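Colleague: Going by the numbering used here, the sequence shown opens with residue -1, and the numbers climb by one from there. Quick reminder that beta carbons are idealized off the backbone N, C-alpha and C, glycines included. As the structure is a computational prediction, the values presented were derived from the model and not from experiment. Next up is a structure, given as structure tokens.
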Amino acid sequence: MSKKITVKDVQNAKTEGRKLVMVTAYDYPFGLMADEAGVDIVLVGDSLGMVVMGLDGTVAVTMEDMIHHIRAVVRGCKKPLVVGDMPFMSYNTSIREAISNAGRLMKEGGCDVIKLEGGTDFAPTVEAIVKAGIPVQGHIGLTPQTASALGGFVMQGKDAAAAKKIIDDARALASAGAFSLIIEAVPAPLAQLVAEAVEIPVIGIGAGPHVDGQVLVTHDMVGLFDKFVPKFVKQYTQIRPTILEALAAYQKDVRESTFPGPEHSFKMADNTLEKLKKMM
Ligand code: KIV
């Protein structure tokens, strides 16, 4: 087994000019596949609210939900750095609660680092969590937990003032000790400026190619969840129709009694069967 990826490895990727590959996972099979595929970072994102739990957004996701899913993913991920996402209101009410909940994700979930959404306003929170010994990844630009306050799931940093605020957010989080940043749904030239403005790796989602790495929600990328596919998602495969075909074929087999066949059934010795019948 190759060695576990560390925060230092992630940071070195930027100085060495290596692009970082990050995907989401919410369970053991996807954790195993991400590990086998050789990605650098696996995010157990609160996007699980939408793509796994069938919620409308991420707001209702709880600490318990996150811990449950992080545990499963960690069992499959031996090599990638596993990021646990802090759910809405688990870090917003006080710094003390933020440290305590970040600690829970690591102690009870088993992730390597945590991620939280927010810019300059959350720099003191990030600083305190980092001081407590927990590496933090920031998340700026479109922050889904507060999407309604940002005008919905829409591109951020449209005008110069809004774009400057995002650059300020990145600088504040980097100064607070975040080891890396996610930047979501911003114009590509802005993301490039952000990546140039800070020394830590900036990983983009809907932020163009001129950043230090990319992250996608796996269920979007493999076509497992197609209720809403953001513009920035590239679908590398369409797994949903394949699963639907398999379910239809299984259904037909069961209804027509062509499954299970002899190859899927356990045998019983003839004499045992005879004996059993006499006992009935
Ligand atoms: O929750 C999540 O999956 C995320 C990604 C969109 C970066 O935060």
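Let me confirm a value: Phe226 is counted as buried when at least 16 other C-beta atoms fall within 10 Å, else exposed. Which label applies?
Modeller: The residue you call residue 226 lines up with position 228 of the sequence shown. Exposed, since its Cβ has fewer than 16 Cβ neighbours within 10 Å.
Colleague: Could you give the residue range of the alpha helix (DSSP H) that holds Lys33?
Modeller: Walking along the sequence shown from the start, residue 33 turns up at place 35. Here residue 33 is Asp; the residue named in the question, Lys, does not match the sequence. Element bounds for Asp33: Tyr26 to Ala35.
Colleague: What do you reckon, are the CB atoms on Val81 and Leu41 nearer than 7 Å?
Modeller: Numbered from 1 along the sequence shown, position 83 holds the residue referred to as residue 81. Numbered from 1 along the sequence shown, position 43 holds the residue referred to as residue 41. Cβ distance < 7 Å, so Val81 and Leu41 count as in contact.
Colleague: Can you list, in chain order, the residues of its chain whose CB lies under 8 Å from that of Ala160, leaving out five sequence neighbours each side?
Modeller: Within the sequence shown, numbered from 1, the residue matching residue 160 stands at position 162. Closer than 8 Å at the Cβ level, and outside the excluded window around Ala160, lie Gln154.
Colleague: Taking Glu280 as part of the alpha helix (DSSP H), name the residues at either end of that continuous run.
Modeller: This structure gives no information on residue 280, because the portion of the chain shown stretches from -1 to 278.
Colleague: Quick check: the Cα distance between Tyr282 and Leu53, rounded to an integer number of angstroms?
Modeller: Here the chain has residues from -1 to 278 only, and residue 282 is not among them.
Colleague: Please report the distance separating the alpha-carbon of Arg73 from that of Thr240.
Modeller: Here residue 73 corresponds to residue number 75 of the sequence shown, with the count starting at 1. Here residue 240 corresponds to residue number 242 of the sequence shown, with the count starting at 1. About 27 Å.
Colleague: If you draw a straight line from the C-alpha of Leu214 to the C-alpha of Asp83, how long is it?
Modeller: One-based indexing of the sequence shown puts residue 214 at position 216. One-based indexing of the sequence shown puts residue 83 at position 85. Going from the Cα of Leu214 to the Cα of Asp83 covers about 14 Å.
Colleague: What three-state label does DSSP hand Met20 in the structure shown?
Modeller: Numbered from 1 along the sequence shown, position 22 holds the residue referred to as residue 20. Strand.
Colleague: Does the distance between the C-beta of Ser45 and the nearest non-hydrogen atom of ligand 1 fall short of 6 Å?
Modeller: Position 47 of the sequence shown, counted from the start, is the residue given in the question as residue 45. Yes, ligand 1 has a heavy atom inside 6 Å of this Cβ.
Colleague: Less than 7 Å separating the beta-carbons of Gly150 and Ile181?
Modeller: For the purposes of this step, residue 150 is taken as residue 152 along the sequence shown, with counting starting at 1. For the purposes of this step, residue 181 is taken as residue 183 along the sequence shown, with counting starting at 1. No, Cβ-Cβ distance for Gly150 and Ile181 is not below 7 Å.
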